[in-house]
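*Asks:* Protein chains in written order, with the working numbering: chain A, 42 to 230; chain B, -19 to 824; chain C, 2 to 313. Built from N, CA and C at the ideal position, the CB exists for glycine as well.
See the structure below:
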């Protein structure tokens, strides 16, 4: 900054010039303060969402800036929540942006003492192989009386209450195709 | 009751606070003074596990003081129906209903039926085959009516075997004195609540009852809710604005996951999973589970459409629409049974999809031991949760019960996408589907479950593509074609929703489940969700601002069924179709237009007049009379008496929790005789009425955390608000056991001992029950070995003792001991627990 | 309510005075205000210490806590009128009062603290040099210093978690720091307090805490409207038998000239940890020139340094 301009911003001069002799108001605003805007102003887009915690289903607005989640707050349009959030809902941005969040597959081999890295594609292959093998080795065609069972009791699934309806539907559908009956979620608990 | 709404559903609670400001009276009945109690007009403390006694007292108060809503009760409930003469009540049989088989510990429910009906096979009879309630998809078959009305009725409600009189007799002993004796509240407190409910019900006013897992997590949990249903039906509070029984659920889409049936006993839309013995082919399945009367009369259309959605072109009339591709159930395959099967090596592979049983399930220690018995485990979550890391940090490593090097479980821990990283809908606690839009792509290996399931399925199908094994056909012929997009080939959630909604013969999206056909010409993943994609529009994604709509806000999301916001709302009008009152009108019969109109979509056939009488031979919805609002019930009425569908009785009865310091003041039968126990060494129970476990203990949640803590203990802003595991005790109990406020306590049950910081608070008050003082120990259950704040898990204390209808665990009432100081470490911990008495199985 | 000292410097640009009315009679103690504030203002976590003081593990307002919910468990003063409850649990969300006569503003020697055009009192992070005069000038103990020493551990001492501080550091710092707002994490050595979301006000947005508050216990708006609403609400409560309901800091004749953030309380202020008769400490200095002179004399060098830093 040029020296002249710098001097012009010297509080004492501004206090006089801006009629703020006590330096309690306008005259002491820094440039940063003068330029201050809510950071959501810089959002590339705002996306309507729903809180992922409890089942009240509060509306959320997700602000995206520089390709990242920059802010999540209540959606005033929601007739359910009217823009309000509880502490958990208000912490949603932390939930999705936390550095503690997993971002790579972790693998623990049988009897292993630590996590190992595993490429996602390899993990998918290995899981598919496990499913095929366990399904084959535990398949039940019929009960003792010859009643059809057509299932595996060797594989089970638990979870779904935190997931989308569509995800639950695909879980159930795939399980039915595989003959997995032990499909459960938090609703049981 | 059974809900801590202000703490666990704070934003929903804004409506309660707003109602309170407008003059509504808020009453909280709970063992513990919570933030909900603080915001209520009246708080009544009752002993954990005694809500049926309290509500049964309300039923008795209504009946003895003639406070029921007469017209509603006579027309809309089964009060006038006469019950089988063989029926015997718990009052006759000292705590048992007729039909109990003491060997199998199940009821033959045939004597609970409507009188004059041919005996039909019911869920209860099926259970004689050695299974328990596993097909409780819908329980609406009281039998097969011929004329749309039960055969024997007494509209004057005087017949000694009519439901109304049976109810009166059943609850006669639930006097204010008995309520006080069992629950530990004062007679005056009880009377104030009972009178408040009666005063605030009727034509001009309605009362709502809110419950949560404080009711469901008992060995008589279903009957808790049944008791509330009886109260609300007697007072005319169902199907009306401001009324109802409001179930507050704790997870974003726990309603949707129930609807979509990630539960072993049902298929999407509450259709039963086929049973190996009974459901041998499609026709038999339909015959077993459909109803002559009511909407379940269309089960054939709902079911075949679902099979078409699953197996597409491969599902044909000739092959029973691939009915035989569905795996069969023949026992309890619920999650607790599965845990035992893991221990026994029967279940060797496990997927955990956003769930943390190593902290969140009852007897969490058993869950961890079960995980350690697996061959392979796939955990998909946002964070590294205890159920993924048990092999390196389970508390059992410290006691020597587990050793890392000896745990053979292969673990795949996979990062999941968060809600902002995927499209999809949650179904909230009031059946409202709300779409959330993808805001950005997930980073790294993070993927949605939609991605995972689709690609796993694709991979499996590719690997088995050449198989000619008939066992692989259900997988290979599955309709598994989904459009993908984006850098990770994410399948389209919108397309999946459209499949769930269903399509007609011309391939266009269906608008109503009434259009589903049983001939294979329609396909629909879930009949209840038909209409969610009507007119080819993703209805859950509608976001017309609430402020631009009326209070019903029909254009915000979409509620099942058919965007009806209040179920059974035909009951908001009188039998003639007129609103009960101007103040409480919602839908009514418009005589000029000859249809039901109003603010909400009518939950009734739109053009069926109130005077409609079903002709002989009418079926399904056409067999429901114009003045019977409960269109899913086989007689169109609300059931004060559940003639079928329940395992443990047609009317609720007070039983003590499985672990209780008290005997049952009403009957010599102490606990629910049909409760589900597991006689296993790994699942010891505290002996009942044992001096070693003198205190009542239960688990609960705090506003600042979410269930097993995976989504909150990991966040600094939440962890700092409740940074440590604590237990809550009264000053009297602290004195009795020398517990120091701010110090440590060790809580002991037959399962284990855990330590917690001690919060001594006046909010916990001992109660005098049956002349004896009883103390409560309150245990929030959010903690585990990981996250920013760590601590012992409250759920480690509790046994596996389940409700017989729904297999939900009793963690809302058990017994314990509490001692000052921290728990022992290492082997000394197991030794301490071993020094306490225990039983295996049921001694009652 | 009178305008806050210093707002006259905005002349025609001055806006209607904005503030908070916190109605504790509908507070459910959920702490959404605390979290929403931190998420928006990127305030660091304030320590993972369990206090055992009811459900309050926050303790007090300070540099890293700008909203604090107090929990008071007590025997009801008048059981009959409390609907026969003999016990009650009071909750109150506390915040900077944005005083009409603000001691912090009076004593700030660097011009870091200023009165905004909305009548609120804000510390400018880029100007503040952390001298701490404002701390003693605040009768409510609102302001605190974000210690520089804590740079490697913004969560502060006394934590109970096993996580390494750097993990927590990143946890907070990852919140997309923009060039517009500046919040030095892990301790900038400066003083911090509620800004009444001065940045959000620029766009007519409601402060984060008030927006989140599920039960509307925290109400935001033009102060005059809030005072009117609060008087009505208080009157209704007293009429309904809650005789101990009272407004706190809504009187412009009190020791701070009334506040921009005032409260409806259900008991004496002391019960909530609030001073019963707060007085701005600079009141006794006679004129504000005195205070300014004292401060300026002592810290002339510091002022210049701070000014230059703020203009960088």
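Could you round the C-beta distance between residue 503(B) and residue 289(B) to whole angstroms and report it? I think they count as a contact, below 8 Å.
*Replies:* The pair is a contact, with the Cβ atoms about 5 Å apart (cut-off 8 Å).
*Asks:* Using DSSP with H/G/I as helix, E/B as strand and the rest coil, what is residue 209(A)?
*Replies:* helix
*Asks:* By a C-beta neighbour count over all protein chains shown, 10 Å radius and 16 as the cutoff for buried, is residue 411(B) buried or exposed?
*Replies:* Around the beta carbon of residue 411(B), 16 or more other beta carbons sit within 10 angstroms, so the residue counts as buried.
*Asks:* Three-state secondary structure (DSSP) at residue 244(B)?
*Replies:* coil
*Asks:* Against residue 83(A), what residues of chain F qualify as contacts under a CB-to-CB distance less than 7 Å, listed in chain order?
*Replies:* Checking the listed chains, one finds no chain F in this structure; the protein chains it contains are A, B and C.
*Asks:* Taking the alpha carbon of residue 585(B) as the point to measure from, which residue in 350(B), 494(B), 772(B) has its own alpha carbon closest?
*Replies:* 494(B)
*Asks:* Can you tell me whether residue 485(B) is buried or exposed, with buried defined as 16 or more other CB within 10 angstroms of its CB?
*Replies:* Residue 485(B) comes out exposed.
*Asks:* Tell me which residues of the region 96 to 130 of chain C have at least one Cβ-Cβ distance to chain A shorter than 7 Å, keeping chain order.
*Replies:* If the cut-off is 7 Å between Cβ atoms, the region 96 to 130 of chain C has 106, 112, 115, 116, 125, 127, 128 near chain A.
*Asks:* For residue 291(B), which residues of its own chain have a beta-carbon under 8 Å away from its beta-carbon, when the five flanking residues on both sides are left out?
*Replies:* 301, 302, 305, 454, 457, 458, 459
*Asks:* Helix, strand or coil for residue 577(B) per DSSP?
*Replies:* strand
*Asks:* Can you confirm whether residue 33(C), when its beta carbon is compared against all beta carbons of chain B, has any partner nearer than 8 Å?
*Replies:* At least one chain B Cβ lies under 8 Å of residue 33(C).
*Asks:* Which chain B residues sit within Cβ distance under 7 Å of residue 89(C)?
*Replies:* 18
*Asks:* Checking the sheet assignment: what are the DSSP bridge partners for residue 115(A)?
*Replies:* According to DSSP, residue pairing for residue 115(A) in a beta bridge involves 101(A).
*Asks:* For residue 425(B), tell me which candidate among 159(A), 184(A), 205(A), 79(A) has the shortest Cα-Cα distance.
*Replies:* Closest by alpha carbon: 159(A).
*Asks:* For residue -14(B), return the contacting residues in chain C, with the cut-off set at a CB-CB distance below 7 Å.
*Replies:* 29
*Asks:* Three or more C-beta pairs under 8 Å: does that hold for the region 365 to 379 of chain B against the region 421 to 438 of chain B?
*Replies:* no
*Asks:* Taking the Cβ atom as the reference point for each residue, do residue 243(B) and residue 202(A) lie within a distance shorter than 8 Å?
*Replies:* no
*Asks:* Quick one: which residues of the region 194 to 210 of chain A get their C-beta closer than 9 Å to a C-beta of chain B? List them in chain order.
*Replies:* 194, 195, 196, 197, 198, 199, 200, 201, 202, 203, 204, 205, 206, 207, 208, 209, 210
*Asks:* Which residues, in order along the region 63 to 92 of chain A, keep a beta-carbon less than 9 Å from a beta-carbon of chain B?
*Replies:* 86, 87, 88, 89, 90, 91, 92
*Asks:* Can you say whether residue 86(A) is buried or exposed, counting buried as having 16 or more other CB atoms within 10 angstroms of its CB?
*Replies:* exposed
*Asks:* In whole angstroms, what is the alpha-carbon distance linking residue 87(B) and residue 246(B)?
*Replies:* Distance between residue 87(B) and residue 246(B), taken at the CA atoms: about 22 Å.
*Asks:* Given residue 543(B), which residues of its chain have a CB within under 8 Å of its CB, disregarding the five upstream and five downstream residues?
*Replies:* 511, 519, 534, 581
*Asks:* For residue 213(C), return the contacting residues in chain A, with the cut-off set at a CB-CB distance below 9 Å.
*Replies:* 114, 115, 124, 125, 126, 127, 128, 130, 131
*Asks:* Please report whether the beta-carbon of residue 50(C) lies at a distance below 8 Å from any beta-carbon of chain B.
*Replies:* yes
*Asks:* In chain A, what lies closer than 8 Å to residue 233(B) by C-beta?
*Replies:* Ordered by position in chain A, the residues that pass the 8 Å Cβ test against residue 233(B) are 96, 201, 202, 203, 204, 205, 206, 209.
*Asks:* Checking contacts by CB at 8 Å: is residue 140(A) closer than that to chain B?
*Replies:* no
*Asks:* When you compare the CB positions of residue 149(C) and residue 190(C), do they come within less than 8 Å of one another, or not?
*Replies:* Contact flag set, yes.
*Asks:* Going along chain B, which residues have a C-beta under 9 Å from residue 274(C)?
*Replies:* Those within 9 Å of residue 274(C) in chain B number zero; the least Cβ separation is about 18 Å.
*Asks:* My guess is that residue 363(B) and residue 132(A) are in contact by the Cβ rule of under 8 Å, so how many angstroms apart are they, rounded?
*Replies:* The pair is not a contact, with the Cβ atoms about 13 Å apart (cut-off 8 Å).
*Asks:* Can a CB atom of chain A be found closer than 8 Å to the CB of residue 16(C)?
*Replies:* no
*Asks:* Here's the rule I'm using: 16 or more other beta-carbon atoms within 10 Å means buried, otherwise exposed. How should residue -2(B) be labelled?
*Replies:* exposed
*Asks:* Which residues in chain B have a C-beta closer than 9 Å to the C-beta of residue 107(A)? List them in chain order.
*Replies:* Near residue 107(A) there are no residues of chain B at all, since even the closest Cβ is about 11 Å away, more than 9 Å.
*Asks:* Should residue 119(A) be flagged as near chain C, meaning a C-beta pair shorter than 8 Å?
*Replies:* no
*Asks:* Could you run through the region 733 to 755 of chain B and flag, in chain order, every residue whose CB is less than 9 Å away from some CB of chain C?
*Replies:* 737, 738, 739, 740, 741, 742, 743, 745
*Asks:* Count the other CB atoms within 10 Å of the CB of residue 224(A); is the residue buried (16 or more) or exposed (fewer)?
*Replies:* With 16 or more other Cβ atoms inside 10 Å of its own Cβ, residue 224(A) counts as buried.
*Asks:* Within the 8 Å Cβ cut-off, does residue 61(A) reach chain C?
*Replies:* yes
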